[in-house]
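Written out below as structure tokens is the structure these notes cover.
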Amino acid sequence: MVLSKHVDAYDLEYELLKDSRKVKLSPDEFNDEYNSSKLPPRFVLPDESADESEIYKYLNEDLALDGVPTLNLASFVNTYVSDYQTRLAAENLTKNLADNDEYPSLMDIQNRCVTILSNLWHAPYKTDEKTGAKVVNSLGTATTGSSEAIMLAGLALKKRWQAKRKAQGKSTENPNILMATCAQVALEKFAVYFDVENRLIPVNAESGHLIDTSKIKENVDENTIGIFVIMGSTFTGAFEPVEEISKILDEVEKERGLDIRIHVDGASGGFVAPFAFPHLKWDFAIDRVDSINTSGHKFGMTSVGLGWVIWKDESLLPKNLRFSLDYLGGVEETFGLNFSRPGFPVILQYYNFLTLGREGYTKVFDGCLSNARLLSDYLDKTTYFDVVSVIHKSASAEDKKKLLTREVKDLPKPTVNEEFQPGLPVVAFSFSKEMREKYPEIPQELFSTLLRKRGFIVPNYRLPPDETDVEILRVVVRNSLGLILLEKLIQDCTEIAELLINAAKSVREVLSNKEEASKHNTSTLHDLLLSIASGGIQPLRQKQHEEDGHKAGVAKKSYRGTC
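Be aware that the sequence shown starts at 305, since it is given in the numbering used here, and climbs by one per residue.
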């Protein structure tokens, strides 16, 4: 018999249920047939209707093995919504954001959010003489997320480049765009989906695992439609230097007459930077930045399904990309890859703007960054890990002079966060050099697996193509990761690292004692595998079992489990 033979659990369960003898229950006696007698259809539409309460119960059971969203430290996506947000979502669940004639208040709220973000990102404005209000000429839209927003921003860059080339009587073939190899996959998708050559700029340790700015000039030519600059690398959380890149492109324009525009991918940093690093210049205050995207469902703290893209001036979105539709009872101008979509995430965004305000967002991100620095410092101190991210490293006076160039009237001095290197509340780390050299047989992937066994989802992955020999683990410190959970994570990181070290020592001991009886080796390996599989719990249980007191231990006749 082959022990590794594959068993199809669904087929086997179906056969057993088919042959099992059960009393046929009427709906009045027991309305739970799916639970007691048969499986619900998985891949075909059922012929008959079913009781909705039972389907609700079945789906709850089916989803029970999903990870706990709060413990998913791999994701940048917000996992917490308040009771009031839940109520607003439920009350507006069926409103279609595409139907502006039916839901004018929803459309108005979307426009308010666009204006709030435009002002937050320092879009040029005029002051209304009567009201004193800031009047911006920016244009933007809600999207399903930053992926769609990036597609739209890239399309605007491409269409403007094409129009300019046509006006000059030049070819519009072979457009290209620049981005770092650490760019999120959506940026690469834009290039593939819309036939734009993707000129990837390498990253390396010397460039902080971000775009190597020294390689930008050599990759620019007359067919370059623009450059994507990332405010918050998904690998390490660090910000690419938007202002420095803009100055390099200024030099390119002086030397070669090429006006290369910037789109900032602020999927996460678009919300974090204005509040945590107010003196950092990266947005529309830089002349070369034409458009910015962000994710409301990340650090904007809405439910999933909301992104934003904004152009600092209406003229930057070509007319031929806008569609006027006489649909659903009204005429509307639209620009997007989607049409019908839920409107409640937009409402939640406006709710957050009003309830949190600048003060609230600042406090939230202060807390996230503080906890991220605490975790970084702890991992550094253990000697088991090297921290790759930089938000816990102090910013020198030279760094501050170079980075913090924006004047803020209400904040003349750097904030607490600006005493450190800028970035997202992300902790990227790996086994330390000492750990790797001393125990090269320990796979870092196993550390991630054992953390997951304890509930925490912490991914282990390789750095971008230029650094694929480096594996890192990443923790995104969202506002749902408070000190209590952080303390548990810290303890688990230490315990698992020490468990793996002890396991490696045990294996070495077994391999070095080849002359001993195979039975002893088998026992040692059994205990080792059991220890790893249980996340280190089984040895503790065994130790407790062998201790004297209350008839516990080896003399106990039977083991009484929990009730």
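Backbone N, C-alpha and C fix where the C-beta goes; we use that ideal spot for every residue, glycine too.
Every value quoted in this text rests on a predicted model; they were computed, and no experiment measured them.
N- and C-terminal bounds of the beta strand (DSSP E) containing residue i
i, result
"residue 760", "No beta strand (DSSP E) contains residue 760, which DSSP labels as neither H nor E."
"residue 611", "611–615"
Environment of residue i [buried if 16+ CB atoms lie within 10 Å]
i, result
"residue 641", "exposed"
"residue 616", "buried"
"residue 722", "buried"
"residue 654", "buried"
"residue 688", "buried"
"residue 380", "buried"
"residue 602", "buried"
"residue 869", "Limits of the chain in this structure are 305 at one end and 867 at the other, which puts residue 869 out of reach."
"residue 472", "exposed"
"residue 545", "buried"
"residue 347", "exposed"
"residue 594", "buried"
"residue 618", "exposed"
"residue 656", "buried"
"residue 599", "buried"
"residue 596", "buried"
"residue 433", "exposed"
"residue 382", "buried"
"residue 871", "Because the chain spans 305 through 867 in this model, residue 871 falls outside it and cannot be assessed."
"residue 360", "exposed"
"residue 312", "exposed"
"residue 587", "buried"
Counterpart residues of residue i in DSSP-defined beta bridges
i, result
"residue 567", "532 and 595"
"residue 541", "Its beta-bridge partners do not exist; DSSP assigns none."
"residue 778", "732"
"residue 430", "439"
"residue 638", "627"
"residue 691", "733"
"residue 589", "Its beta-bridge partners do not exist; DSSP assigns none."
"residue 447", "611"
"residue 501", "480"
For residue i, the first and last residue of its enclosing alpha helix (DSSP H)
i, result
"residue 811", "787–816"
"residue 465", "450–471"
"residue 889", "Past the edges of the chain, shown from 305 to 867, lies residue 889, and the structure says nothing about it."
"residue 356", "356–366"
"residue 668", "648–686"
"residue 412", "408–424"
Residue i - DSSP class collapsed to helix/strand/coil
i, result
"residue 440", "strand"
"residue 400", "strand"
"residue 746", "coil"
"residue 507", "strand"
"residue 549", "helix"
"residue 484", "strand"
"residue 478", "coil"
"residue 578", "helix"
"residue 727", "strand"
"residue 353", "coil"
"residue 379", "coil"
"residue 393", "helix"
"residue 702", "helix"
"residue 719", "coil"
"residue 520", "helix"
"residue 374", "helix"
"residue 711", "coil"
"residue 823", "Because the pLDDT at residue 823 is just 49, under 50, the model does not fix this residue reliably, and the value given afterwards should be weighed accordingly. Note: residue 823 maps to helix in three-state DSSP."
Residue-level contact to chain B via CB, residue i, 8 Å cutoff
i, result
"residue 760", "Structure shown: chain B not included; a single protein chain is present."
Cβ-heavy atom distance, residue i to the ligand SAM, below 7 Å
i, result
"residue 703", "In terms of ligand content, the structure shown is empty, and the ligand SAM therefore cannot be addressed."
* the segment 552–568 contacting the segment 514–531, beta-carbon criterion three pairs below 8 Å -> yes
* **At least three beta-carbon pairs within less than 8 Å, the segment 574–587 to the segment 730–750** => no
* Determine, using beta-carbon pairs with one atom in the segment 664–672 and one in the segment 775–786, whether at least three such pairs fall under 8 Å. => yes
* To do: Examine the Cβ distances between the segment 437–456 and the segment 594–613 and report whether three or more of them are shorter than 8 Å.
  => yes
* Per the contact definition of three or more C-beta pairs closer than 8 Å, is the segment 536–543 in contact with the segment 762–780? -> yes
* Decide if the segment 748–763 is in contact with the segment 702–711; the criterion is three or more beta carbon pairs, one per stretch, under 8 Å apart. => no
* Between the segment 551–566 and the segment 507–522, do at least 3 Cβ pairs fall closer than 8 Å? -> yes
* If we count Cβ pairs, one from each stretch, closer than 8 Å, do we get three or more for the segment 456–463 versus the segment 496–509? -> yes
* Determine contact between the segment 346–366 and the segment 621–628, defined as no fewer than three beta-carbon pairs at a distance below 8 Å. => no
* **Segment contact flag, the segment 676–691 with the segment 789–803, C-beta cutoff 8 Å, min 3 pairs** => yes
* Meets three-Cβ-pair contact criterion under 8 Å: the segment 796–806 and the segment 723–731 -> no
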